Amino acid sequence: MRSCGLSGAKCRYIKSISEFVLNHLIFFKDLISKPDDKVIEELIKLNGVGEWTAQMFLIFGLNRIDIFAPKDAGLLKGIRHVYFDGEIADISQIQDIVKKWKPYRSIGSWYMWQVANSL
């Protein structure tokens, strides 16, 4: 992993989480039935997992369709391009836009990532 450019800390986190997954499969099965906020609460207890990682797990691991990750750089880049002509917008302006996407914020996020990737 180090040869791929990952820091020593990230390598340790990945190893630790991998071991946890292998030894606690029921933990992840239980997450399926929990509400989004409880999943985030449980995941961030794992060393190396923050709110953004937990949000990405909800979107891509559990296929939750109403997740917004307000600290995702690509997502914010797409939103700025589409809604603010590429200019910086404060989080309250962004939240006003994103709340209109409910209950499909993950899908709106996916489109904003596509915009950001095309720039």
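Just so you know, my numbering puts 40 at position 42 of the sequence shown, and the rest follows in order with no gaps.
Think of the CB as a built atom: it goes at the ideal place given N, C-alpha and C, for glycine as much as any other residue.
These figures come from a predicted structure and were not determined experimentally.
- Counting C-beta pairs with one atom in each stretch, the stretch 32 to 39 and the stretch 78 to 96 have fewer than three that are closer than 8 Å, which means they do not touch.
- Under the DSSP assignment, G72 falls in the alpha helix (DSSP H) whose first and last residues are 71 to 82.
- Annotated three-state conformation of V37 is helix, per DSSP.
- With contacts defined by Cβ atoms closer than 8 Å, I42 and P68 do not form a contacting pair.
- Here V96 is buried, its C-beta having at least 16 other C-beta atoms within 10 Å.
- Residue state for V19 is assigned as helix, using DSSP reduced to three classes.
- Going by DSSP, S107 is part of the alpha helix (DSSP H) stretching over 103 to 116.
- Taking the CA atoms as reference points, R103 sits about 14 Å from Q112.
- DSSP places V96 in the helix class (H, G or I) of the three-state scheme.
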